[in-house]
Amino acid sequence: MTRALAPGLLKGDAAVVTGGASGIGLGIARHMAALGADVVISGRSADRLATAAATIRAETGVACSTYVCDVRAEEQVAGLRDHVLKLFGTVTILVNNAAANFEMPAERMTSRAFTTVVDVDLVGTFLVTRALVADMISQGGGAVLNIVVPDAERGFPGYAHSGAAKAGIISLTRSWAREWGVHQVRVNALGPGPVPTEGVTRNMLGLGDDVGRAFAESVDRIPLGRLGTVDDVAVAGCFLCSRAAAWITGVSLNVDGGMNVA
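Residue numbers (our numbering): 2 to 263.
This is the structure we're talking about:
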């Protein structure tokens, strides 16, 4: 794990990371725990969450709490909020990482396929944030980080449902930043570029463990000449949620090795 940020940077923070059982969500949770935050990870699989929590403890020496939650279900989201407040009495950081995705040509996309992704990505982000932001407002501030895709407004061929959802999340990010700035609640978005995670290669591209095939063409389009790592994204996310970014809100930061300008 990259130690790029100052030890104790997030000491005193209580963080919730949805979709925290694997990939970028797990990476952000690992780094936040290592930086001193109390962390709760949520997801739909108790087994995967338990494995992730064990990984965090093994790598950081810090215990991480888990909570089974489908972000589309309001009663489960309310339970997540109650769980965090019971544990820590507060929440200062929320990372909206829970997402669903799969490739499907737009002309064959069913309404069920479209709404499945939009409900998890966009509606889920709205529901979790709405549940937790009132506590941030009442305590005088906090940070919300939404995981999106770089330059969602350019479109996402093959993934129109996900592109639409992520573009909507970017709009929410900007709206919330303007609405809640007066309460010192900062809201930003993070757009990871090509990062070889299990979720992308197996679930999104359907290529199993064939990471090389999934990303072979991407490297040629990245000015920095390499694929990203989970650590690259996690460090940027921790910065945006930290007091070091106290005057940053409403931005969508691409972490993609310069791919967005290539």
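Here a beta-carbon is modelled for each residue, glycine too, at the ideal position from N, C-alpha and C.
Checklist entry - Which whole runs of the alpha helix (DSSP H) in the stretch 34-70 are 4 residues long or more, in chain order? => result 47-61
Next on the checklist: Out of Val118, Asn147, Ala34 and Arg49, which one is the CA nearest neighbour of Glu199?
Outcome noted: Residue 199 sits at position 198 when you count from the first residue of the sequence shown. Of the candidates Val118, Asn147, Ala34 and Arg49, the one whose C-alpha sits nearest the C-alpha of Glu199 is Arg49.
Next on the checklist: By alpha-carbon positions, which one of Ala190, Ser219 and His184 ends up nearest to Ile170?
Outcome noted: Indexing the sequence shown from 1 puts residue 170 at position 169. Comparing Cα positions, the closest option is Ala190.
Next on the checklist: Going residue by residue through the stretch 208-251, where are the continuous alpha helix (DSSP H) segments of at least 4 residues, counting only ones entirely within it?
Outcome noted: 212-216 and 231-242
Item to check | Endpoints, beta strand (DSSP E) assigned at Thr19 | outcome: As a position in the sequence shown, residue 19 is number 18, starting the count at 1. Run containing Thr19: Ala15 to Thr19, per the beta strand (DSSP E) assignment.
Next on the checklist: In chain order, what are the residue ranges of uninterrupted alpha helix (DSSP H) at least 4 long that sit wholly in the stretch 110-179?
Outcome noted: 112-119 and 125-140
Item to check | Rounded C-alpha distance that separates Lys167 from Ala100 | outcome: As a position in the sequence shown, residue 167 is number 166, starting the count at 1. As a position in the sequence shown, residue 100 is number 99, starting the count at 1. Computed Cα separation, rounded: 10 Å.
Checklist entry - Which residue from Arg109, Ala38, Val85 and Leu254 puts its Cα closest to that of Gly62? => result On the sequence shown, position 61 is the one that residue 62 refers to. For Gly62, the nearest C-alpha among the options comes from Ala38.
Next on the checklist: Let me make sure I understand the geometry here. Which of Gly143, Thr52, Ala74 and Val72 has the alpha-carbon closest to that of Ala64?
Outcome noted: Taking the sequence shown and counting its residues from 1, one reaches residue 64 at position 63. Minimum Cα distance to Ala64 is reached at Thr52.
Item to check | Supposed close pair Ser46, Leu81 - CB separation, criterion 8 Å | outcome: Counted from its first residue, the sequence shown places residue 46 at position 45. Counted from its first residue, the sequence shown places residue 81 at position 80. The pair is not a contact, with the Cβ atoms about 15 Å apart (cut-off 8 Å).
Item to check | Buried or exposed (CB count within 10 angstroms, at least 16 for buried), Ser23 | outcome: Here the question's residue 23 lines up with position 22 in the sequence shown. Classification of Ser23: buried, given that the 10 Å Cβ count is 16 or more.
Next on the checklist: Using CA atoms only, rank isn't needed, just tell me which of Val236, Ser243, Trp248 and Arg244 is closest to Asn255.
Outcome noted: The residue you call residue 255 lines up with position 254 of the sequence shown. Ranking the options by Cα distance to Asn255, first place goes to Val236.
Next on the checklist: Using only the alpha-carbon positions, how far apart do Gly226 and Asp257 sit?
Outcome noted: As a position in the sequence shown, residue 226 is number 225, starting the count at 1. As a position in the sequence shown, residue 257 is number 256, starting the count at 1. One C-alpha to the other measures close to 11 Å.
Checklist entry - Beta carbon of Ala114, beta carbon of Cys242: below 7 Å? => result Here residue 114 refers to the residue found at position 113 when the sequence shown is read from its first residue. Here residue 242 refers to the residue found at position 241 when the sequence shown is read from its first residue. No, they are not a contact pair.
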